[in-house]
Structures are given as structure tokens and as C-alpha cells.
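Using UniProt numbering, read the sequence shown as starting at 1 and increasing by one per residue.
Step one of this worksheet: look at the structure below.
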Amino acid sequence: MQELKYLQGYPANLTAQVQNLIKEDKLKKFLLKKYPHCHDIQSEKALYDFVMEIKNQYLRKSAPISKVAYDSKIHVVNHALGLHTFVSRVHGNKLKAKNEIRVSSIFKNAPLPLLRMIVVHELAHVREKEHNKAFYQLCCHMEPDYHQLEFDTRLLLTQMDNAGSIYAE
1 MQELKYLQGY
11 PANLTAQVQN
21 LIKEDKLKKF
31 LLKKYPHCHD
41 IQSEKALYDF
51 VMEIKNQYLR
61 KSAPISKVAY
71 DSKIHVVNHA
81 LGLHTFVSRV
91 HGNKLKAKNE
101 IRVSSIFKNA
111 PLPLLRMIVV
121 HELAHVREKE
131 HNKAFYQLCC
141 HMEPDYHQLE
151 FDTRLLLTQM
161 DNAGSIYAE
């Protein structure tokens with residue numbers, strides 16, 4: 001039985017179902033049925049616009065986002081799918097703060113709902129730094145299917161580790 005590193009902590013009956021999909025070579029088909037198309041947000045400007053649209057809808061009064069980018073090093077180095085960084089610098093007698101969001105470049109070829117889930121997660125860190133109850137409530141407020149999309153993202157990562165992207169490249 002293959003180790004499901006992205007599904008650690010999920011109930012045994014659920015991981016057994018995933019193992020069965022992998023064994024029968026049906027995980028890709030399952031994901032494609034649920035998410036038949038990948039998004040077309042390829043440039044960092046388009047990603048920034050996508051993030052700002054969500055931020056302006058749900059976090060209008062939160063700190064501004066100064067940069068949004070795809071990052072090819074995130075997944076390998078940080079074992080993460082996205083990063084939110086907050087940098088404070090002193091400029092003379094003023095304190096300048098910058099929020100940046102970086103999304104793993106593996107999401108350039110992913111379904112839009114899964115990209116949205118990653119963006120929502122990173123935006124929630126603008127208001128809530130820790131992964132606590134308030135953080136997940138905010139994620140679910142911005143994306144009601146947050147937990148299902150997070151699980152589906154883990155399925156996609158499992159598929160990518162086993163056989164590559166679900167979309168023809």
C-alpha cells in the first residue's frame with residue numbers, strides 16, 4: 001500500500017477509498033470528471049487581479065497586498081502550496097509594511113476552484129496569522145466549500161506525484 005503523504009490525518013476509510021482509486025488507476029478520471037478544465041490565469045498580473053478581486057470582496061479593510069506571484073520554489077523548499085509574507089521596514093521615522101502572497105507554480109495548471117482555495121487560504125493569513133478556528137471560519141466565509149477543495153487539492157497533489165498533471169501539457 002502506497003503512503004499518501006498529502007492525506008495524513010484523514011480517516012482510514014477515506015484514505016482506503018483513495019488507495020483504491022489509485023490501484024484501479026481511476027484517480028485522474030475522478031479528478032477530471034470533477035474539474036474538467038484548468039484555469040487560464042497564467043501571468044502574475046492576472047493572478048494579482050484575481051487575488052485583489054477576492055480581497056476587495058471579503059477583506060476590503062485589511063492591509064493592502066503589495067505583490068502576488070507564482071513561485072516555483074515554494075513546493076520543494078517550504079512543503080507548502082502558497083506563502084503569505086509580512087515585512088515591516090523602518091523608513092526614516094515611518095514604518096512601512098508590505099504583504100506579499102506567493103502561490104506555488106504547480107497551480108498554473110490547476111482547476112480554478114483549487115487555485116481559489118489556495119488564494120483564500122493565503123488571504124486569510126492577512127487577518128489571522130495562525131491556523132486557528134477564526135482562520136478556518138474566515139476561509140469558509142470566503143469559500144464555503146473550502147474544506148472539500150482542500151481535500152481535492154490533496155488528491156490532485158497525490159495524482160501529480162504518481163502520474164503527473166491531470167491535464168495534457
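Backbone N, C-alpha and C define an ideal beta-carbon position, used for all residues, glycine too.
This structure is a prediction, so every number in the text was calculated from the model and none was measured.
Inset, instruction - For Gln17, count neighbouring Cβ atoms within 10 angstroms of its own Cβ and tell me buried if that reaches 16, exposed if not. - result: In the sequence shown, counting from the first residue as 1, residue 17 sits at position 17. By the Cβ-count criterion, Gln17 is exposed, with fewer than 16 other Cβ atoms from all chains shown falling within 10 Å of its own Cβ.
Inset, instruction - Tell me the start and end of each unbroken beta strand (DSSP E) in the UniProt domain "YgjP-like metallopeptidase" (43-149) that is at least 3 residues and wholly inside, in chain order. - result: Secondary structure in the UniProt domain "YgjP-like metallopeptidase" (43-149): the beta strand (DSSP E) runs of 3 residues or longer, each lying completely within the stretch, are 65-71, 82-91 and 94-104 in chain order.
Legend entry - For Gln159, the three-state DSSP class (helix, strand or coil): Here residue 159 is taken as the residue at index 159 of the sequence shown, counted from 1. Of the three classes helix, strand and coil, the one that applies to Gln159 here is helix, per DSSP.
Inset, instruction - Answer with buried or exposed for Ser43, where buried requires no fewer than 16 other C-beta atoms within 10 angstroms of its C-beta. - result: For this step, residue 43 is matched to residue 43 along the sequence shown. Exposed: under 16 other Cβ atoms inside 10 Å.
Inset, instruction - Report all residues from its chain with a CB closer than 7 Å to the CB of Arg127; omit the five preceding and five following residues, and keep chain order. - result: Stepping through the sequence shown from its first residue, residue 127 is reached at position 127. Excluding sequence neighbours, Arg127 sits near Leu59, Ser62 and Leu138.
Legend entry - Beta-carbon gap between Ile101 and Gly82 smaller than 9 Å: Here residue 101 refers to the residue found at position 101 when the sequence shown is read from its first residue. Here residue 82 refers to the residue found at position 82 when the sequence shown is read from its first residue. Yes, they are a contact pair.
Inset, instruction - From the DSSP output, in three-state form, read off Tyr6 for me. - result: What you label residue 6 is simply residue 6 of the sequence shown in a count that begins at 1. The answer is helix: DSSP assigns Tyr6 an H, G or I state.
Inset, instruction - To the nearest angstrom, report how far apart Val77 and Pro111 are at their CA atoms. - result: Taking the sequence shown and counting its residues from 1, the one referred to as residue 77 is at position 77. Taking the sequence shown and counting its residues from 1, the one referred to as residue 111 is at position 111. Note that Val77 scores 44 on pLDDT, short of 50, meaning its location in the model is unreliable; the coordinates nonetheless yield the value given after this. Rounded to whole angstroms, Val77 to Pro111 spans 23 Å at the Cα level.
Legend entry - Euclidean distance between Cα positions of Leu123 and Lys55: Residue mapping note: residue 123 aligns to position 123 of the sequence shown, counting from 1. Residue mapping note: residue 55 aligns to position 55 of the sequence shown, counting from 1. Cα to Cα, the separation comes out at about 7 Å.
Legend entry - Closest by C-alpha distance to Thr15, when choosing among Phe151, Ser165 and Asn162: If you number the sequence shown from 1, residue 15 lands on position 15. Comparing Cα positions, the closest option is Phe151.
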